[in-house]
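For the record, in the sequence shown the residue sitting at position 19 is 19 according to full-length UniProt numbering, with numbers rising by one throughout.
Idealized CB from N, CA, C, for every residue including glycine.
Predicted model, so just to flag it, every value in this text is computed and none were measured.
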Amino acid sequence: MDSSDCDNQTTFATFELEATVQALFDLSTGLEEMSERIKTRESRLAALNEAFARNPAEPWLAYFGRIRDMYPRAEQWVIDINIKGAIDCYSRLFPISYLEPSIPREHSLAESTAHSERAFSGALSVTSEAVTMADNTRGYFFPSAPTVDPTIGCFICPVCKKWQMVREWMNKDEVDSAWMKHICADIEPYMCLNETCAQHARSFKRLRDLMEHHRIEHGGTRPPPDCPFGCPDDGGFPDDIDWYKHVGHHMRDVRLMVLPTSLYESRKYDDTTFDSESVNSSSLGVSHVSILHIDEMQEDPSKAEGMAKFISQAETFSGDQLRRWWMLTIGNEDSKLNAEKSKQNFAAQQNRPGSSILTTTTVTSHDERNLPAHLNLNN
């Protein structure tokens, strides 16, 4: 290798590094701006929490009014249990929330008629339960499933705030069913409505978990003949599972009140797009936190979109790899050959099977602080 080849390689490597460093500086600017936005929201949240401490009855009264509007014949103890479950759910999911939790202004959305099939030993089929939810409630109470840029391959669930890899969900008809099943697991809508049960305020993720609780804790006694929410035309329940499916539908509708209004509005939030379907967003918007209004729609997401675009197009590398490559490239003249070899080895590592996050085929969750490798420049 003559000196001209070394000079050309050095020039090429230097150009690539300069472009990478400039991109990192641009990224740092976007991160600083996002940090300022987060600080602003946290200050608003602090004021919210202070207001809650002064008037803890407000969310309870707000939920009471909305549930009573939905189910005017519901028994008082049923309303009380569901209010407690909703407030506990909100406190668990949004301890540090950047979205405004809201409930409908009025019960103008169509009633869902979700049903589930009986599976082995009287349990509910998880698949059929998710499918029927997708068939009957999409566009009414459940927010639309996020769509994700396939080059990124993941998104942060706006409810549980955990990373979700969506490779398993892509190009499948079950996308909506899987999303609604995930939402139900987050909000845990099902509760024991037995007044004398020591666990009557406990929440369950799945309807069959509630049925199993009833079998173990209450000896499998039959549920009451009528709907505790006071449905005038329930027509009776010939089978226990019909009662659970019917009442479970009501409990899901009540628990979905805790979700932020933003999830029902057509807007783009960083890497995740929420596409509204038949939801009339004007019927959604009154928060049980009416003391302090957090309007995230005023935020300009253009900077965050630019950062996401850079990340999706950038070559995968770690901070340590960048520093080693930099030192080898700009070091003494004797290191030029090693620099080229290092670059070739680095490229070979990136092409190895399993090196890319997009090859993952299993849906997994990650804590928000543990970013996927190709999104974390501090690895």
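Residue pairing by DSSP places residue 191 opposite 203 in a beta bridge.
The alpha carbon of residue 182 has as its nearest neighbour, out of 160, 195 and 71, the alpha carbon of 160.
In this structure, the beta-carbon distance from residue 185 to residue 162 does not fall below 8 Å.
Only buried fits residue 144, as 16 or more other CB atoms lie within 10 angstroms of its CB. In terms of Cβ geometry, residue 231 and residue 214 do not form a close pair [threshold 8 Å]. Between residue 263 and residue 158, the gap from beta carbon to beta carbon is short of 8 Å. Between residue 228 and residue 247, the beta carbon gap of about 7 Å places them in contact (Cβ cut-off 8 Å).
By the neighbour-count criterion, in which a residue is buried when 16 or more other Cβ atoms sit within 10 angstroms of its Cβ, residue 59 is buried. By the Cβ-count criterion, residue 77 is exposed, with fewer than 16 other Cβ atoms from all chains shown falling within 10 Å of its own Cβ.
In the three-state DSSP reduction, residue 74 falls in the coil class, being neither helix nor strand. Looking at 201, 93 and 250, the one whose alpha-carbon comes closest to that of residue 260 is 93.
With fewer than 16 neighbouring CB atoms inside 10 Å of its own CB, residue 199 falls in the exposed class. Distance from the CA of residue 62 to the CA of residue 71, rounded to the nearest whole angstrom, comes to 14 Å.
Counting only the Cα atoms, residue 8 lies some 29 Å from residue 27. Going by DSSP, residue 250 is part of the alpha helix (DSSP H) stretching over 240-255. Ranked by Cα distance from residue 203, the options 241, 187, 195 and 194 are led by 187. Taking the Cβ atoms as the reference, residue 84 lies roughly 5 Å from residue 201, within the contact range of under 8 Å. For the set 217, 216, 75 and 210, the Cα lying nearest the Cα of residue 243 is the one of 210. The three-state reading of DSSP puts residue 198 in coil, since its state is none of H, G, I, E or B. No Cβ-Cβ contact shorter than 8 Å links residue 66 with residue 79.
Setting aside the 5 residues that flank it on each side, residue 195 is surrounded in the same chain by 77, each with a C-beta closer than 8 Å to its C-beta; the list follows chain order. Residue state for residue 231 is assigned as coil, using DSSP reduced to three classes. Per DSSP, reduced to three states, the secondary structure at residue 64 is helical. In this structure, DSSP gives residue 213 a helical state, which the three-state scheme calls helix. Taken through DSSP and simplified to helix, strand or coil, residue 30 comes out as helix.
The beta-carbon separation of residue 197 and residue 212, rounded to 14 Å, does not stay under the 8 Å limit for a contact. If you draw a straight line from the Cα of residue 32 to the Cα of residue 21, it comes to about 17 Å.
In the structure shown, residue 80 adopts helical secondary structure according to DSSP, grouped into three states. If you draw a straight line from the Cα of residue 34 to the Cα of residue 219, it is about 54 Å long. One alpha carbon belongs to residue 24, the other to residue 179, and they sit about 34 Å apart. Non-local beta-carbon contacts of residue 81 in its own chain, meaning distances under 7 Å to residues more than five positions away in sequence, involve 191, 193, 200 and 201 in chain order. For residue 237, the three-state secondary structure derived from DSSP is coil.
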